[in-house]
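Engineer: Sharing a structure with you now.
Protein chains: 2
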Amino acid sequence: MVDVRGGDLSRLRQLNSLTAIRELRRAGPLTLSALAERTGLSRPSMKEVTAELMELGWVEEVPPSPGTMGRPARRYRFRADSGYLVGVDIGGHNIRAALSDLDGEILAETRQPVLPDASLEERLSAIERAVSGCLALSRTSVSDLWTIAVGTIGVIDVEGRVIYSAAVPAWRDLDLAGKLREMFPCQVLIENDSRLAAMAESRRGAAKGVRDLVFLHVGRRMGAGLVIDGKVHRGFGAAAGEISMLPESRWFDAPEHLNTCPSVPEDTAPEDAAGWTLAAARAGDPVALAAVERYVDDLAVGTAAMVLILDPQMVVLGGGFSRSSDVLLGPLRERLRRTCMRMPEVLPSTLGDECVVVGAIEYAVDHLDDQLFTPDRGPLPVTR
Amino acid sequence: MVDVRGGDLSRLRQLNSLTAIRELRRAGPLTLSALAERTGLSRPSMKEVTAELMELGWVEEVPPSPGTMGRPARRYRFRADSGYLVGVDIGGHNIRAALSDLDGEILAETRQPVLPDASLEERLSAIERAVSGCLALSRTSVSDLWTIAVGTIGVIDVEGRVIYSAAVPAWRDLDLAGKLREMFPCQVLIENDSRLAAMAESRRGAAKGVRDLVFLHVGRRMGAGLVIDGKVHRGFGAAAGEISMLPESRWFDAPEHLNTCPSVPEDTAPEDAAGWTLAAARAGDPVALAAVERYVDDLAVGTAAMVLILDPQMVVLGGGFSRSSDVLLGPLRERLRRTCMRMPEVLPSTLGDECVVVGAIEYAVDHLDDQLFTPDRGPLPVTR
DNA sequence: CTACTAATGAAGCGCTCCTTCGTAAGTCGA
DNA sequence: TCGACTTACGAAGGAGCGCTTCATTAGTAG
Numbered sequence: 102m103v104d105v106r107g108g109d110l111s112r113l114r115q116l117n118s119l120t121a122i123r124e125l126r127r128a129g130p131l132t133l134s135a136l137a138e139r140t141g142l143s144r145p146s147m148k149e150v151t152a153e154l155m156e157l158g159w160v161e162e163v164p165p166s167p168g169t170m171g172r173p174a175r176r177y178r179f180r181a182d183s184g185y186l187v188g189v190d191i192g193g194h195n196i197r198a199a200l201s202d203l204d205g206e207i208l209a210e211t212r213q214p215v216l217p218d219a220s221l222e223e224r225l226s227a228i229e230r231a232v233s234g235c236l237a238l239s240r241t242s243v244s245d246l247w248t249i250a251v252g253t254i255g256v257i258d259v260e261g262r263v264i265y266s267a268a269v270p271a272w273r274d275l276d277l278a279g280k281l282r283e284m285f286p287c288q289v290l291i292e293n294d295s296r297l298a299a300m301a302e303s304r305r306g307a308a309k310g311v312r313d314l315v316f317l318h319v320g321r322r323m324g325a326g327l328v329i330d331g332k333v334h335r336g337f338g339a340a341a342g343e344i345s346m347l348p349e350s351r352w353f354d355a356p357e358h359l360n361t362c363p364s365v366p367e368d369t370a371p372e373d374a375a376g377w378t379l380a381a382a383r384a385g386d387p388v389a390l391a392a393v394e395r396y397v398d399d400l401a402v403g404t405a406a407m408v409l410i411l412d413p414q415m416v417v418l419g420g421g422f423s424r425s426s427d428v429l430l431g432p433l434r435e436r437l438r439r440t441c442m443r444m445p446e447v448l449p450s451t452l453g454d455e456c457v458v459v460g461a462i463e464y465a466v467d468h469l470d471d472q473l474f475t476p477d478r479g480p481l482p483v484t485r
Numbered sequence: 102m103v104d105v106r107g108g109d110l111s112r113l114r115q116l117n118s119l120t121a122i123r124e125l126r127r128a129g130p131l132t133l134s135a136l137a138e139r140t141g142l143s144r145p146s147m148k149e150v151t152a153e154l155m156e157l158g159w160v161e162e163v164p165p166s167p168g169t170m171g172r173p174a175r176r177y178r179f180r181a182d183s184g185y186l187v188g189v190d191i192g193g194h195n196i197r198a199a200l201s202d203l204d205g206e207i208l209a210e211t212r213q214p215v216l217p218d219a220s221l222e223e224r225l226s227a228i229e230r231a232v233s234g235c236l237a238l239s240r241t242s243v244s245d246l247w248t249i250a251v252g253t254i255g256v257i258d259v260e261g262r263v264i265y266s267a268a269v270p271a272w273r274d275l276d277l278a279g280k281l282r283e284m285f286p287c288q289v290l291i292e293n294d295s296r297l298a299a300m301a302e303s304r305r306g307a308a309k310g311v312r313d314l315v316f317l318h319v320g321r322r323m324g325a326g327l328v329i330d331g332k333v334h335r336g337f338g339a340a341a342g343e344i345s346m347l348p349e350s351r352w353f354d355a356p357e358h359l360n361t362c363p364s365v366p367e368d369t370a371p372e373d374a375a376g377w378t379l380a381a382a383r384a385g386d387p388v389a390l391a392a393v394e395r396y397v398d399d400l401a402v403g404t405a406a407m408v409l410i411l412d413p414q415m416v417v418l419g420g421g422f423s424r425s426s427d428v429l430l431g432p433l434r435e436r437l438r439r440t441c442m443r444m445p446e447v448l449p450s451t452l453g454d455e456c457v458v459v460g461a462i463e464y465a466v467d468h469l470d471d472q473l474f475t476p477d478r479g480p481l482p483v484t485r
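Which chain is which? The protein sequence lines are A and B, in order. The opening residue of the first sequence carries number 102 in our numbering; numbering runs sequentially from there. The opening residue of the second sequence carries number 102 in our numbering; numbering runs sequentially from there.
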């Protein structure tokens, strides 16, 4: 049941304007006739719509493309640069930020290292530095920001308050959205990092176009993000994907197999042990290979649970360990094939470390789209 | 992003007509002014819309309600009796059927016992008898049937072919939809029974209005149905909810604890053993109680997996064993509370044995709605 | 320089919805 | 029984939006 109420004539115009914007965003600069054909309107009507949209500042004219037969057609494009979005990935060791235009085209990226045990203030000021860096790189000012979307570990409630975070103690019970709203004069969105990563892969990464996706966020901590019917699944209390809490899933302690592999040199820093084991496995070290096997044994149990419950089209392996997906994917596929009723595609992430930032940008774009395309609001005028 | 393309003026009228139909279906007979207020249209326009809908046979006038101030208003209602829907539950031991009008109001129900090892022909003819029974009870003819929706165990592909069915051997690889289309001259829909039951509970049962639901279909076989974001989740290969295939979920063998309880009398039929154990547990038999505990221990593992992965608002316990939910719910809640990050509501089914049939009817109604409310189709004229 | 092509812009038409008005059909109170 | 009141009905006039049509304009090709 499509949730559209009919009504006024102006509603029709509004619908048509939105369709025009959508087409322009999707297909770049278009001529009037092309736009008319795509939207199903006649050219004269389309003309009126574009005139109105130009008036409001959503659309602008670009030079016609020369070298065509006949009179050159005017071309119009969506003014993606009338506002900017920022995506932030708050990780344990790094804070990444990216700035994009309203189309989600990334214009600048920065990274700020932080210590895992950094205080709340240090962490927040690192966020501020990361975002300011993006603004400086892209020569935009904070007043041009429309939305800032943040991905972080832990369970975040609907209002953007951190409910639970095992990894970052300072985060616990923090009103993160509130803090960020004090820092930036724009809309603030908070979401779990694994979910954003899942979204990113389903939009721009390995799972482009896939409507049902399980994203494995594997690294020193284990997480999962679900895309169901093309949308990120949050769950009723925003706690979806927390399968590692279940002992039988064998996810919680799975990374220990890699950390405690006997062939890791003694002087290796604890946070590098897993990486060392994976590298050794790739080089053929039998002890490391055995550790990886044990790790994948465990990883496969929780993964199979998700696959059997959801029957997704695809499973994407992402997160820190996905750099070693060549070592992990084979055994994982083999184990899943044994248990799963219908074997999904199992692919490595193509966005790597960028996945959370990219997902945050996508999340912000989605939010904008929601605002634009929900019934009962006229398009907003744009400041010039 | 709402999936609506603007366009023609007639599209607007169509939208308004559909909104009117929807309101009439939801709120029963309505006066013109009430309808106008609900749809947002003015009364004169509403008048024209209803006139058109009456012309097409979708709507009819009912006598005005007397005893009001002022001139009595004409009232209109959706002609739910211009067509009929049938829902069928193909179980191991019983085939149930129900007939409803286009609103999903159930008008007749029948049940046909079948033996678990009945042949394909016997089973199909039992279906025919069940449906004919409904038609006779409600004095309708098969030509008035618009849709027949069937719920059955096993995995059914998109075209209505049974891919896998552990319980009913004759079902394997059967083109069930094809067979039924030969039997009935109307649309045929096939869906997994647990999913239909989940749908039923989320529409008319314990989970009314709940958008994220895990339905436990527990009985001699274990199944699960998921409602996510208000919609039944099928999965990419229609195999969602098959958690019992995973050994670690401990679902597959869970019923054995009830079947092999030592205090079950030796002369009990195998299919009644579990029921006996549950009854004994309710009466306080300590051996039976211990068996139930072991059963719930196992049931809780797979359930916790689903809850942690999906974070649903509610878990509903349904299926054959749900008659004993007073014995099962307490221990189940206790175990879930221990493992789950956010404890969902856990309630017993309110539809009991009817759940699959009711779900099938709901499924047929939904299908009708989809056809009605998807863009680009004019309302069909109704035979009078 | 002319023929051809393709987009433009203005004019006229039809449909759908809105507002406004006088009229009709009931109930309530004397 | 009759008048006042309440509420809905139905017709008329008007505005907004989109469609079709056609003369005009700005390019390319020969």
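By construction, the Cβ of each residue, glycine as well, lies at the ideal position given by its N, Cα and C atoms.
1) Between which two residues does the alpha helix (DSSP H) harbouring H468(A) extend?
2) Can you give the beta carbon distance from R296(A) to D276(A), rounded, assuming they're within the 8 angstroms contact cut?
3) I want to verify the contact list: residues of chain A whose CB lies under 8 angstroms from the CB of P413(B), in sequence order.
4) Can you give the Cα-Cα distance for S303(B) and L236(B), rounded to whole angstroms?
5) Using a C-beta to C-beta distance shorter than 8 angstroms, which residues of chain B count as neighbours of K486(A)?
6) I'd like to check one pair, A405(A) with T369(A): are the Cβ atoms closer than 8 angstroms?
7) In three-state terms, what does DSSP make of W247(A)?
8) Here's the rule I'm using: 16 or more other beta-carbon atoms within 10 Å means buried, otherwise exposed. How should E455(A) be labelled?
9) Taking any Cβ of chain B, which residues in the stretch 194-215 of chain A have a Cβ under 9 angstroms from it, in chain order?
10) By how many angstroms is the C-alpha of T132(A) removed from the C-alpha of G168(A)?
11) Write down every uninterrupted run of the beta strand (DSSP E) in the stretch 130-202 of chain A whose length is 3 residues or greater and which is fully enclosed by it, in chain order.
12) Using the beta-carbon of each residue, which ones in chain A are nearer than 8 angstroms to A341(B)?
13) Does any residue of chain A have a CB that is nearer than 8 angstroms to the CB of I75(B)?
14) Got a sec: which bits of the stretch 241-275 of chain B sit with their beta carbon under 9 angstroms from any beta carbon on chain A, in order along the chain?
15) If the cut is a Cβ gap below 8 angstroms, which residues of chain B does V365(A) touch?
16) Taking D218(A) and D202(A) to be in contact with their CB atoms under 8 angstroms, please state how far apart those CB atoms are, rounded to whole angstroms.
17) Could you have a look at Q288(B) and say whether DSSP puts it in helix, strand or coil?
18) Determine the chain A residues that contact T451(B) at a beta-carbon separation under 9 angstroms, and present them in chain order.
19) Quick one: what's got a C-beta closer than 7 angstroms to D258(B)'s C-beta in the same chain, skipping five residues either side?
20) For the beta strand (DSSP E) that contains L318(A), what are its first and last residues?
21) Can you look up D104(B) in the DSSP assignment and give me helix, strand or coil?
22) Are any of the Cβ atoms in chain A nearer than 8 angstroms to that of G402(B)?
23) Along the chain, where does the alpha helix (DSSP H) containing M407(B) start, and where does it finish?
24) Let me check understanding here. Comparing Cα to Cα, which of S111(B), L327(B), R178(B) and T241(B) lies closest to L409(A)?
25) Please confirm whether T440(B) has its beta-carbon closer than 8 angstroms to some beta-carbon of chain A.
26) Can you tell me whether M300(B) is buried or exposed, with buried defined as 16 or more other CB within 10 angstroms of its CB?
27) So is L236(B) in contact with chain A if we call contact Cβ pairs under 8 angstroms?
28) Would you mind telling me which residues of chain A sit closer than 7 angstroms to D313(B), beta carbon to beta carbon, in chain order?
29) Are the Cβ atoms of A227(B) and I196(B) separated by less than 8 angstroms?
30) What does the alpha-carbon distance come out to for the pair G184(B) and A250(B)?
31) Using a Cβ-Cβ cutoff of less than 6 angstroms, which residues in the same chain neighbour F474(A) once the five nearest sequence positions on both sides are dropped?
32) Buried or exposed: which applies to G385(A), given that a residue is buried once 16 or more other Cβ atoms fall within 10 Å of its Cβ?
33) List the residues of chain A whose Cβ lies closer than 8 angstroms to the Cβ of L317(B), in chain order.
34) With a CB to CB cut of under 8 angstroms and the five nearest residues on each side skipped, what residues in its chain are close to L186(A)?
Structural biologist: Looking at the coordinates:
1) Along the first sequence, one-based indexing puts residue 468(A) at 367. H468(A) -> alpha helix (DSSP H) spans C456 to F474.
2) Along the first sequence, read from residue 1 onward, the residue named residue 296(A) stands at position 195. Along the first sequence, read from residue 1 onward, the residue named residue 276(A) stands at position 175. In fact, because the Cβ distance is near 20 angstroms, the residues do not count as touching under 8 angstroms.
3) Within the second sequence, numbered from 1, the residue matching residue 413(B) stands at position 312. Within chain A, the residues near P413(B) are G336 and F337.
4) For the purposes of this step, residue 303(B) is identified with residue 202 of the second sequence, where counting begins at 1. For the purposes of this step, residue 236(B) is identified with residue 135 of the second sequence, where counting begins at 1. Each residue's Cα considered, the two are about 27 angstroms apart.
5) The structure shown has nothing for residue 486(A), since chain A only spans 102 to 485.
6) Within the first sequence, residue 369(A) is the residue found at index 268, counting from 1. Within the first sequence, residue 405(A) is the residue found at index 304, counting from 1. No.
7) In the first sequence, counting from the first residue as 1, residue 247(A) sits at position 146. Per DSSP, reduced to three states, the secondary structure at W247(A) is strand.
8) Within the first sequence, numbered from 1, the residue matching residue 455(A) stands at position 354. Classification of E455(A): buried, given that the 10 Å Cβ count is 16 or more.
9) none
10) By 1-based counting over the first sequence, the position of residue 168(A) is 67. By 1-based counting over the first sequence, the position of residue 132(A) is 31. Their backbone Cα atoms lie some 15 angstroms apart in a straight line.
11) 160-163, 176-179, 185-191 and 195-202
12) The sequence position of residue 341(B) within the second sequence is 240, counting from 1. What A341(B) touches in chain A: I410, L411 and D412.
13) Any question about residue 75(B) goes unanswered here, given that chain B covers just 102 to 485.
14) Those would be V256, I264 and Y265, in chain order.
15) Taking the first sequence and counting its residues from 1, the one referred to as residue 365(A) is at position 264. Neighbours of V365(A) on chain B: none; closest Cβ ~28 angstroms, over 8 angstroms.
16) Sequence index remark: in the first sequence, residue 218(A) carries index 117 (1-based). Sequence index remark: in the first sequence, residue 202(A) carries index 101 (1-based). About 36 angstroms; that fails the 8 angstroms criterion.
17) By one-based count along the second sequence, residue 288(B) stands at place 187. Reduced to three states, the DSSP call for Q288(B) is strand.
18) What you label residue 451(B) is simply residue 350 of the second sequence in a count that begins at 1. Contact note: T451(B) does not reach chain A at a C-beta cutoff of 9 angstroms; the least C-beta distance is about 20 angstroms.
19) Locating residue 258(B) in the second sequence gives position 157, counting from the first residue. Taken in chain order, the residues that qualify are I264 and A339.
20) Start at 1 with the first residue of the first sequence, and residue 318(A) comes out as number 217. The sequence as given places His at residue 318(A); Leu does not occur at that position. Run containing H318(A): L314 to V319, per the beta strand (DSSP E) assignment.
21) As a position in the second sequence, residue 104(B) is number 3, starting the count at 1. Because D104(B) carries a pLDDT of 39, less than 50, the predicted location of this residue cannot be relied on, and the following value inherits that uncertainty. The answer is coil: DSSP assigns D104(B) none of H, G, I, E or B.
22) Within the second sequence, numbered from 1, the residue matching residue 402(B) stands at position 301. Checking the displayed sequence, the identity of residue 402(B) turns out to be Val instead of Gly. True, the Cβ-Cβ gap to chain A drops below 8 angstroms.
23) Here residue 407(B) refers to the residue found at position 306 of the second sequence. Residues P387 to L411.
24) Taking the first sequence and counting its residues from 1, one reaches residue 409(A) at position 308. Closest option to L409(A), Cα to Cα, is L327(B).
25) In the second sequence, counting from the first residue as 1, residue 440(B) sits at position 339. It does: the Cβ of T440(B) has a partner Cβ on chain A nearer than 8 angstroms.
26) The residue labelled residue 300(B) in the question sits at position 199 within the second sequence. Flag for M300(B) reads buried.
27) Translated into the one-based positions of the second sequence, residue 236(B) becomes position 135. Cβ-Cβ to chain A under 8 angstroms: no for L236(B).
28) As a working note, residue 313(B) is residue 212 in the second sequence. Ordered by position in chain A, the residues that pass the 7 angstroms Cβ test against D313(B) are G336 and F337.
29) As a working mapping, residue 227(B) is identified with position 126 in the second sequence. As a working mapping, residue 196(B) is identified with position 95 in the second sequence. In this structure, I196(B) lies closer than 8 angstroms to A227(B) by Cβ.
30) Looking up residue 184(B) in the second sequence gives position 83. Looking up residue 250(B) in the second sequence gives position 149. Answer to the nearest angstrom: the Cα atoms are 14 angstroms apart.
31) Position 373 of the first sequence, counting from 1, holds the residue named residue 474(A). Residues of the same chain with a CB within less than 6 angstroms of the CB of F474(A), apart from the 5 flanking positions on each side, are L119 in chain order.
32) Locating residue 385(A) in the first sequence gives position 284, where the first residue counts as 1. Exposed, by the Cβ-count rule.
33) The residue labelled residue 317(B) in the question sits at position 216 within the second sequence. Chain A residues near L317(B): none, gap ~12 angstroms exceeds 8 angstroms.
34) Reading the first sequence from its first residue, position 85 is the one you call residue 186(A). Cβ neighbours of L186(A) beyond the five flanking positions: L200, S201, D202, L203, G205, L246, W247, T248, I249, A250, I462, A465, V466 and L469.
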